[in-house]
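Top line first, the protein sequences correspond to chains A and B. The UniProt record's numbering puts the first sequence at residues 1 to 91. The UniProt record's numbering puts the second sequence at residues 1 to 265. Even glycine gets a Cβ: it sits at the ideal position worked out from N, Cα and C. Please read all numbers here as calculations on a predicted model, not as lab measurements.
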Amino acid sequence: MDLLKMFGKEPPSKDIAKERLKLILIHDRANVSPQFLELVKGDIIKIISDYAEIDEKGLEIKFTKSGEKGCEVPALVANIPIKKMKEISKY
Amino acid sequence: MGISIVVTSGKGGVGKTTTTANISTGLAMLGKKVVAIDADTGLRNLDLHLGLENRIVYNLVDVVEGVCRLKQALIKDKRYENLYLLPTAQTRDKTAVKPEQMEKLVNELKEEFDYIVIDCPAGIEHGFENAVAGADMAVVVTTPEVSAVRDADRIIGKLEAKGLDNHQLIINRIKYEMTKKGEMLNIDDMTDILAIKLLGIVPEDEKIVISTNRGEPVITDEGAKAGQAYKNIVRRITGEEVPFIDFEDENTGFFSALKKFFFKK
Ligand SMILES: Nc1ncnc2c1ncn2[C@@H]1O[C@H](COP(=O)(O)OP(=O)(O)OP(=O)(O)O)[C@@H](O)[C@H]1O
Ligand SMILES: [Mg+2]
Numbered sequence: 001m002d003l004l005k006m007f008g009k010e011p012p013s014k015d016i017a018k019e020r021l022k023l024i025l026i027h028d029r030a031n032v033s034p035q036f037l038e039l040v041k042g043d044i045i046k047i048i049s050d051y052a053e054i055d056e057k058g059l060e061i062k063f064t065k066s067g068e069k070g071c072e073v074p075a076l077v078a079n080i081p082i083k084k085m086k087e088i089s090k091y
Numbered sequence: 001m002g003i004s005i006v007v008t009s010g011k012g013g014v015g016k017t018t019t020t021a022n023i024s025t026g027l028a029m030l031g032k033k034v035v036a037i038d039a040d041t042g043l044r045n046l047d048l049h050l051g052l053e054n055r056i057v058y059n060l061v062d063v064v065e066g067v068c069r070l071k072q073a074l075i076k077d078k079r080y081e082n083l084y085l086l087p088t089a090q091t092r093d094k095t096a097v098k099p100e101q102m103e104k105l106v107n108e109l110k111e112e113f114d115y116i117v118i119d120c121p122a123g124i125e126h127g128f129e130n131a132v133a134g135a136d137m138a139v140v141v142t143t144p145e146v147s148a149v150r151d152a153d154r155i156i157g158k159l160e161a162k163g164l165d166n167h168q169l170i171i172n173r174i175k176y177e178m179t180k181k182g183e184m185l186n187i188d189d190m191t192d193i194l195a196i197k198l199l200g201i202v203p204e205d206e207k208i209v210i211s212t213n214r215g216e217p218v219i220t221d222e223g224a225k226a227g228q229a230y231k232n233i234v235r236r237i238t239g240e241e242v243p244f245i246d247f248e249d250e251n252t253g254f255f256s257a258l259k260k261f262f263f264k265k
């Protein structure tokens, strides 16, 4: 249980500010436009489709951060719902 | 050959002009030959900060357009004879000067002055392009607020894209009472987020308002905390290693060390 929360204390506002800034700067620095994400999405669909049947409408891709607290790195996170795997010929 | 320094921020109102006035005055106090350039055409203010508004005849735009010679537009400071101001036009807009013209002018001034300090307008458009055109070094000013830090990051990106790799950060208007309570971004938070070299920390100080009223940069006020902060910044610019005083902990700071020394037990 979070001790601070138990005593009804919110986290200091500067920590909230720092977290918000980190995330927004990842976006600003990468300069990712919605168009860019759409392009990536299209290409992912193209490639994955060779191996699996995917739910194109459910495909989600976003720009965010990942990694340990304090040394986060920008990350492209994609969620690709698969309807059915395709038979892949063995090489 | 002199060194040109542009003072920039992205966000408006964070203290660029105040910083320019104090850095240029401070460098002059150390005996350097300095010229401060107002690159905020249309919204000039540097003349007011230096208390020289009544002496302006020609300006930057006149020089660029060939109306007068560069020497004629330079205004000598009241207090320091090795400090000059190159004001800009108040009734023109930023497109009146081109980056190439600015670069040429700054290079010309570098032949004669030790330091050229350029006050950049807010924003990332034409005025910014002009102000950074001839700069060897950039000082990025920010305040401990999310919007100012975000805009500073944008400016740092722009400077890096231009190859202006010598850029350093001034954090202005720190309120130690608030950082202590965790209600304001502190120095570590900001250097961590922006990942650039720290040039200085300037506390929130009412004396800045008073000195701006008078047209006398706060660095000339011996008793002002902000003035002390600018003095350290200036020394760092000249290459001296000056430790960062941790104002945050009043018990380890310079002033309290002094107090302890005099009022032992
Ligand atoms: N450390 C400080 N303590 C108190 N007041 C300050 C401090 N720094 C700046 N100010 C005040 O903030 C105001 C804006 O400062 P200044 O004009 O230097 O900002 P600027 O970045 O040049 O603005 P602009 O973007 O409009 O050119 C001024 O009124 C100034 O007195
Ligand atoms: Mg200004």
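Select from the options the residue whose C-alpha is nearest the C-alpha of residue i.
i: Ser4 of chain B; options: B:Phe244, B:Pro243, B:Ile245 and B:Thr238; result: B:Thr238
i: Ala122 of chain B; options: B:Asn130, B:Gly227 and B:Tyr115; result: B:Asn130
i: Ala17 of chain A; options: B:Gly182, B:Val218 and B:Lys207; result: B:Gly182
i: Arg79 of chain B; options: B:Lys180, B:Arg236, B:Lys162 and B:Val34; result: B:Val34
i: Phe244 of chain B; options: B:Asn213, B:Glu222 and B:Ile187; result: B:Ile187
i: Leu43 of chain B; options: B:Glu222, B:Val218 and B:Lys94; result: B:Lys94
i: Leu27 of chain B; options: B:Arg236, B:Tyr176 and B:Val242; result: B:Arg236
i: Asn31 of chain A; options: B:Gly157, B:Leu194 and B:Gly31; result: B:Gly157
i: Leu30 of chain B; options: B:Glu81, B:Lys71 and B:Glu103; result: B:Glu81
i: Lys197 of chain B; options: B:Glu108, B:Asn166, B:Glu100 and B:Arg55; result: B:Asn166
i: Ala21 of chain B; options: B:His49, B:Val6, B:Met1 and B:Gly2; result: B:His49
i: Lys86 of chain A; options: A:Val40, A:Leu39 and A:Ser49; result: A:Ser49
i: Met102 of chain B; options: B:Leu70, B:Ile124, B:Thr91 and B:Lys231; result: B:Leu70
With DSSP run on the structure shown, which of helix, strand or coil describes residue i?
i: Ile56 of chain B; result: coil
i: Asn45 of chain B; result: coil
i: Gln228 of chain B; result: helix
i: Tyr176 of chain B; result: helix
i: Asp50 of chain A; result: coil
i: Met29 of chain B; result: helix
i: Lys62 of chain A; result: strand
i: Pro99 of chain B; result: helix
i: Gln168 of chain B; result: strand
i: Pro74 of chain A; result: strand
i: Met1 of chain B; result: coil
i: Asn186 of chain B; result: coil
i: Arg29 of chain A; result: helix
i: residue 267 of chain B; result: Since the displayed chain B opens at 1 and closes at 265, residue 267 of chain B lies outside it and no answer follows.
i: Asn130 of chain B; result: helix
i: Lys41 of chain A; result: helix
i: Lys265 of chain B; result: Because the pLDDT of Lys265 of chain B is 37, which lies under 50, any placement of that residue in the model is unreliable, and the number read from its coordinates should be weighed accordingly. If DSSP states are grouped into helix, strand and coil, Lys265 of chain B belongs with coil.
i: residue 174 of chain A; result: Lying outside 1 to 91, the shown extent of chain A, residue 174 of chain A is not represented and no answer is given.
i: Glu250 of chain B; result: Low per-residue confidence applies at Glu250 of chain B: pLDDT is 47, beneath 50, and the placement is therefore not dependable, though the value from the model is reported in the following sentence. If DSSP states are grouped into helix, strand and coil, Glu250 of chain B belongs with coil.
i: Tyr91 of chain A; result: Caution is warranted here: a pLDDT of 48 is assigned to Tyr91 of chain A, below 50, making its placement in the model unreliable, and no coordinate value can be reported.
i: Leu198 of chain B; result: strand
i: Leu105 of chain B; result: helix
Once you ignore the five residues that flank residue i on each side, which residues in its own chain have a CB closer than 6 Å to its CB?
i: Ala148 of chain B; result: Lys11, Val14 and Thr142
i: Met178 of chain B; result: Met184
i: Lys260 of chain B; result: The predicted position of Lys260 of chain B is uncertain, since its pLDDT is 49 and thus under 50; a value taken from the coordinates is nonetheless stated next. Once the five neighbours on either side are set aside, Lys260 of chain B has no close Cβ partner at all.
i: residue 285 of chain B; result: In this structure chain B extends from 1 to 265, so residue 285 of chain B is not present and cannot be described.
i: Gly58 of chain A; result: Pro81
For residue i, I'd like the list of residues in its chain whose CB is within less than 7 Å of its CB, leaving aside the five on either flank, ordered along the chain.
i: Ile233 of chain B; result: Ile23, Ile170, Leu199 and Gly200
i: Cys68 of chain B; result: Tyr58 and Asp62
i: Lys65 of chain A; result: Lys22, Leu23, Ile26, Glu72, Val73, Pro74 and Ala75
i: Ser211 of chain B; result: Pro217, Val218 and Asp221
i: Asn208 of chain B; result: The sequence shown places Ile at residue 208 of chain B, rather than the Asn named in the question. Only Thr18, Val218 and Ala226 meet the Cβ criterion.
i: Ile88 of chain A; result: Tyr51
i: Arg55 of chain B; result: Ile75
i: Asn45 of chain B; result: Thr17
Quick one: what's got a C-beta closer than 8 Å to residue i's C-beta in the same chain, skipping five residues either side?
i: Val106 of chain B; result: Ser4, Ile37, Ile116, Ile118, Ala133, Gly134 and Ala135
i: residue 283 of chain B; result: Because chain B in this structure spans residues 1 to 265, residue 283 of chain B falls outside the shown range and cannot be described.
i: Leu60 of chain B; result: Ile37, Asp38, Ala39, Thr41, Ala73, Leu86, Pro87, Thr88, Ala89, Val97 and Leu105
i: Gly67 of chain A; result: Val73 and Ala75
i: Arg173 of chain B; result: Val14, Gly15, Thr143, Pro144, Val202, Pro203 and Glu204
i: Ser9 of chain B; result: Gly15, Lys16, Cys120, Ala122, Val140, Val141, Thr142, Ala148, Asp151, Ala152 and Ile155
i: Glu111 of chain B; result: Met1 and Gly2
Any heavy atom of ligand 3 inside 8 Å of the beta-carbon of residue i?
i: Ala122 of chain B; result: Looking at this structure, you won't find ligand 3 anywhere; what it does contain is ligand 1 and ligand 2.
Mind listing the chain E neighbours of residue i? Cutoff is C-beta to C-beta under 7 Å, in chain order.
i: Asp55 of chain A; result: Among the protein chains of the structure shown, namely A and B, there is no chain E.
Please name the residues in the segment 172-183 of chain B whose beta-carbon is closer than 9 Å to at least one beta-carbon of chain A, in chain order.
For chain A, the residues of the segment 172-183 of chain B that bring a beta carbon within less than 9 Å of one of its beta carbons are Met178, Thr179, Lys181, Gly182 and Glu183, in chain order.
Going along the segment 26-53 of chain A in order, which residues come within less than 9 Å of chain B, judged by CB to CB distance?
Of all residues in the segment 26-53 of chain A, Asp28, Arg29 and Asn31 have a Cβ within less than 9 Å of some Cβ in chain B.
Closer than 8 Å between beta carbons: that is the criterion. Which residues of the segment 149-170 of chain B meet it against chain A?
Under the 8 Å Cβ criterion, the segment 149-170 of chain B contributes Val149, Arg150, Asp153, Arg154 and Gly157.
Contact set between the UniProt domain "AAA" (5-158) of chain B and chain A, restricted to residues whose Cβ is under 7 Å from the partner:
Within the UniProt domain "AAA" (5-158) of chain B, the residues whose Cβ lies closer than 7 Å to some Cβ of chain A are Val146, Val149, Arg150, Asp153, Arg154 and Gly157, listed in chain order.
Please identify, using Cβ separations under 7 Å, the residues of the segment 187-201 of chain B that lie next to chain A, in order along the chain.
Flagged, chain order: Asp189 and Ile193.
Taking Cβ-Cβ distances below 8 Å as the criterion, which residues of the segment 61-88 of chain A are in contact with chain B?
The residues in question: there are none.
Residues in the segment 11-24 of chain A having any Cβ partner in chain B nearer than 9 Å
Against chain B - using a Cβ distance shorter than 9 Å - the residues of the segment 11-24 of chain A are Pro11, Pro12, Ser13, Lys14, Asp15, Ala17, Lys18, Arg20, Leu21, Lys22 and Ile24.
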